[in-house]
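For the sequence shown, this note's numbering assigns the number 10 to the initial residue and increments by one for each residue that follows.
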Amino acid sequence: MRKAIILAGGFGTRLQPLTFARPKHMLPLVDKPMLRHIVDYLIENDFEEIWISIGSNEVFKDIEEYFEKSDLEADIHFIKEPEKLGGVGAIKYAMKEAEINDTFALILGDNITDIELNDMFLFHKKNSGIATIALVCTETPWRYGVAELEEDNIIDFVEKPAIGEEPSNMIATGIYVMEPKIINYIPDEFMDSTGMLFPLLLKKGECLNGFRSEKFWVDVGRPSSYLEATARILKKYGKNNWVEDGVKIGKDTELKGPVAIYKGTEIGDNCIIKNSVIFQDNKIGNNCHITNSILDVGCEIGDGFNVTTTLGKGSILKKNGNN
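Have a look at this one:
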């Protein structure tokens with residue numbers, strides 16, 4: 010039985026204010042929470058036992074409650090991190106709790122992707138190596154962990170190098186296939202990013218493989234990447250927009266997708282909504298332009314506003330106190 014671990018214990022600080030009262034992994038992506046998309050992705054790639062590592066903070070109960078009500082074709086288990094462990098420490102703790110004793114997959118809980126994980130797993134099995142890292146090309150490699158390759162072998166790995174000092178433009182996604190012996194190399198000291206483990210493995214003489222992919226991948230760590238992930242899911246479903254039942258849209262209002270609008274929202278006349286996500290129970294007046302924006306639950310926007318940002322729960326925009 011194939012096992013996979015999802016690390017979902019982060020607080021999503023770069024997505025604030027959306028993550029003040031919810032874990033980022035439960036942000037909606039069109040028809041289901043982000044974490045559910047990841048679980049479905051693992052199931053589609055033949056993983057039958059999935060361990061989700063979450064924090065012990067009260068806010069993470071939302072994740073447990075959601076999956077307790079879900080009927081899935083996989084065994085779902087939860088691991089509660091007793092304290093903030095960092096990405097590397099979370100791997101070690103999760104491996105112990107899940108009793109990992111065979112090749113397994115590890116994915117970060119904010120990765121939305123079409124990378125061929127089943128193919129990657131088979132690739133790893135055919136190659137000697139303690140771990141295989143899914144790699145994609147980017148024009149901004151300094152934001153990520155960067156790998157230098159000789160054929161399929163990673164010969165150097167630099168976590169978030171200085172601009173201009175990147176060994177390549179091939180970056181590590183948060184998608185890995187690993188051997189159980191990797192736990193022997195994980196130190197006890199706090200290491201924030203999972204990518205900080207790989208230089209240690211190379212120094213110990215272990216072999217790392219790079220699985221290159223041209224498929225879609227995004228880590229949903231910022232509002233812009235959340236909008237990008239929403240657009241990708243809509244495209245996958247063959248839709249430009251997602252409008253839930255009960256949404257009221259006024260006369261001559263245009264939706265210029267990708268757009269997702271959730272139940273209870275009311276939008277006035279002559280508005281333009283473009284590349285945006287509008288959560289439940291928002292009220293938007295007439296003649297408004299909402300572009301590249303995310304509106305959390307219960308916002309109220311008066312007539313004639315142009316919004317190009319992220320608004321937290323219950324935000325109010327009015328002119329001189331009147332609509």
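Note that the Cβ used here is the ideal one computed from N, Cα and C, for glycine as well.
Annotation for Tyr185: the continuous beta strand (DSSP E) segment containing it runs Met179 to Met187.
In the structure shown, the three-state DSSP call for Ile195 is coil.
In the DSSP annotation of this structure, Ala114 is not part of any alpha helix (DSSP H); the continuous beta strand (DSSP E) holding it starts and ends at Phe113 to Leu117. Comparing alpha-carbon positions, the option among Lys322, Pro91, Leu81 and Asp55 lying closest to Gly18 turns out to be Pro91. When C-beta atoms of the stretch 124 to 136 are compared with those of the stretch 236 to 244, fewer than three pairs fall below 8 Å, so the two segments do not count as touching. In this structure the stretch 186 to 199 does not touch the stretch 150 to 168; the number of beta carbon pairs closer than 8 Å is below three. Contact between the stretch 74 to 83 and the stretch 53 to 65 is present: three or more C-beta pairs spanning the two stretches fall below 8 Å.
In terms of CA proximity to Ile47, Gly118 leads the group Glu73, Glu108, Gly118 and Cys308. Counting C-beta atoms within 10 angstroms of its own C-beta, Ala140 has 16 or more neighbours from the protein chains shown and is therefore classed as buried.
Distance from the Cα of Ser222 is smallest, within the candidate group Ser62, Ile180 and Lys257, for Ile180.
Assignment of beta-bridge partners to Glu157 by DSSP yields Asp165. It is roughly 12 Å from the alpha-carbon of Lys12 to the alpha-carbon of Asn127.
A direct Cα-to-Cα measurement between Glu74 and Met205 gives close to 32 Å. With fewer than 16 neighbouring CB atoms inside 10 Å of its own CB, Lys265 falls in the exposed class.
Val229 sits in coil when the DSSP states are folded into three classes, being neither helix nor strand. Put simply, the stretch 19 to 30 does not touch the stretch 238 to 250. Fewer than three CB pairs are less than 8 Å apart. For Asn250, the pairing in a beta bridge is given by DSSP as Val268.
In the same chain as Thr300, and ignoring 5 residues on each side of it, the C-beta atoms closer than 6 Å to its own belong to Lys283 and Thr317, in chain order. From the listed residues Lys224, Gly307 and Asp123, the smallest Cα separation to Glu53 is found for Asp123. As DSSP reads the structure, Ala13 sits in a beta bridge with Ile59 and Ala114.
The Cβ neighbour count for Glu175, taken over all protein chains shown within 10 Å, is at least 16; the residue is labelled buried.
Using a Cβ-Cβ distance cut-off of 8 Å, the stretch 281 to 295 and the stretch 307 to 326 are in contact, since at least three pairs of beta carbons, one from each stretch, lie closer than that value.
Contact annotation: Ile88 and Ala107 have beta-carbon atoms nearer than 8 Å.
In this structure, DSSP gives Glu73 a helical state, which the three-state scheme calls helix. Annotation: the continuous alpha helix (DSSP H) that includes Arg45 extends over Met43 to Glu53. Ile172 has its alpha-carbon roughly 33 Å from the corresponding atom of Tyr50. The DSSP-derived three-state label of Lys322 is coil. DSSP, reduced to helix, strand and coil, places Val286 within a strand of the structure shown. Secondary structure note for Ala99: its alpha helix (DSSP H) is the uninterrupted segment Gly95 to Glu106. The DSSP-derived three-state label of Arg31 is coil. The C-beta distance from Lys257 to Ile287 rounds to 12 Å, too long to fall under 8 Å, and the pair is not in contact.
By alpha-carbon distance to Phe314, the top candidate from Thr22, Trp226, Pro196 and Leu326 is Leu326.
In the three-state DSSP reduction, Ile310 falls in the strand class (E or B). Here Gly259 carries a coil assignment [DSSP, helix/strand/coil]. For a cut-off of 8 Å, the C-beta gap from Leu210 to Tyr194 is around 6 Å, short enough to register as a contact.
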